[in-house]
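Worksheet for the structure shown next.
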Ligand SMILES: [Mg+2]
């Protein structure tokens, strides 16, 4: 089987809440997502989606996905999409860096492998390790009272895990953590994700102020070294996200005992092939994960579900149903949240069918 062409579409994903705000005044109102189709000479087409969280979150941005596909796409024509190791080594050889550009090609080829073998992707990633994937809800940065009210509402929808967007004014962030934890039950999970927004001094103050609060601290500062400094001063469980972008970063962080949990975003690390390796290293080293992506719609949500379903429950700290945050449905067959959980489809591949009428004309065609 050979890759014969790649098409990609731009699609806007407006938010139900209107705006998603995080550290340092960053926000997005309409996500710019890219849906990718990898076509083959066997008549099988694989699909994937890549949606950076704006341009200020990681070294990634929406136009970069499509520019990168125009650069990389012609260089994978003729490869066998089922040879995922070979495909990934080739992509790394012909385009240095840019893992988020490679991710949708890799993921679409997993979709092809599943369709070619008649198996759902989670079977190919290790098999069903859990059927119900616990989800967290991200709580956009607002006043402490507004964030507590949002949590109360999402709790009524079945979520029991919440990720607070902090990384703002330190005193307000302390209030955000106290006021939201106060409305939760003992078994509920609260993560305070600063998204690199605190200095070490701010993080040290906040960690001390919430030392006796049942909260996880995620990615307090910009650099790995700053986060490690804070990690060594806090008793709270500690999550790293933005600074863990590849296997080397994960290995170093494990050797340094730099975190208790990592946030594994599939496009951040280059796709399912690399995310699976990092997932397996995390399981082998006893490191739970939040399994998710930078953002997206139905196809990203399906991809998350397959990796999470093949991950043992005790190592799957949480996952995300991004398709419930937006107002636009871009594919049939995607996971639908029930009482704070989702699962991955048993249909071959990712189990999704894009709504081509929603996607419209392709933004790019490579043959
Ligand atoms: Mg995070």
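Residue numbers (this note's numbering): 982 to 1348. C-beta: ideal position from N, C-alpha, C; glycine also. Note that the coordinates shown come from a computational prediction; the quantities given were computed from them, not determined experimentally.
Beyond the five residues adjoining it in sequence on each side, residue 1129 comes within less than 7 angstroms, by CB distance, of 1160, 1161, 1164 in the same chain, given in chain order.
In this structure, DSSP gives residue 983 a state outside helix and strand, which the three-state scheme calls coil.
Excluding residues up to 5 positions away in sequence, 1291 lie with their Cβ nearer than 6 angstroms to the Cβ of residue 1107 in the same chain.
Sequence-distant partners of residue 1012 (beyond 5 residues in either direction) whose C-beta falls short of 6 angstroms from its own C-beta, in its chain, are 994, 1032, 1276. DSSP links residue 1017 through a beta bridge to 989, 1029. With contacts defined as CB atoms closer than 8 angstroms, residue 1262 and residue 1288 fail to qualify as a contacting pair.
Inside the region 1242-1273, DSSP marks whole beta strand (DSSP E) runs of 3 or more residues at positions 1242-1246, 1270-1273, from first to last along the chain. By the C-beta density criterion, residue 1111 is buried, having at least 16 other C-beta atoms within 10 angstroms. A distance below 8 angstroms separates the beta carbons of residue 1312 and residue 1279. One alpha carbon belongs to residue 1185, the other to residue 1132, and they sit about 26 angstroms apart.
Relative to the Cα of residue 1307, the nearest Cα in the group 1006, 1235, 1014 belongs to 1014.
Comparing alpha carbon positions, the residue from 1138, 1018, 1154, 1142 closest to residue 1093 is 1018. Residue state for residue 1002 is assigned as strand, using DSSP reduced to three classes.
The count of Cβ pairs closer than 8 angstroms, one atom from the region 1314-1321 and one from the region 1134-1143, reaches three, so the stretches are in contact. Looking at the DSSP output, residue 1195 sits in no beta bridge, so it has no partner there.
In the structure shown, the three-state DSSP call for residue 1299 is strand. With a cut-off of 7 angstroms, the C-beta of residue 1294 is classified as distant from ligand 1, since no heavy atom of the ligand falls inside that distance. The beta carbon of residue 1023 is closer than 6 angstroms to those of 982 in its chain, skipping five residues each way along the sequence. Annotation for residue 1241 indicates a beta carbon at 7 angstroms or more from all heavy atoms of ligand 1. At the C-beta level, residue 1344 and residue 990 come within 8 angstroms of one another. CA-to-CA, the gap between residue 1087 and residue 1190 works out to about 44 angstroms. Contact between the region 999-1010 and the region 1042-1051 is not established, with fewer than three Cβ pairs separated by less than 8 angstroms. In this structure, the alpha-carbon of residue 1052 lies about 10 angstroms from that of residue 1082.
The three-state secondary structure of residue 1117, taken from DSSP, is strand. Partner residues in a beta bridge of residue 1125, as assigned by DSSP, do not exist. Within the model, the alpha-carbon separation for residue 992 versus residue 1188 is close to 40 angstroms.
For residue 1274, the distance from the CB to the nearest heavy atom of ligand 1 is not below 7 angstroms. Per the C-alpha coordinates, the member of 1295, 1300, 1119 positioned closest to residue 1281 is 1300. Residue state for residue 1307 is assigned as strand, using DSSP reduced to three classes.
Taking the CA atoms as reference points, residue 1071 sits about 8 angstroms from residue 1057. Here residue 1247 is near residue 1084, since their CB atoms are less than 8 angstroms apart. Bounds of the beta strand (DSSP E) holding residue 1346 are 1345-1347.
In the displayed model, residue 1153 falls within a helix according to three-state DSSP. For residue 1173, the beta-bridge partners assigned by DSSP are 1145, 1198.
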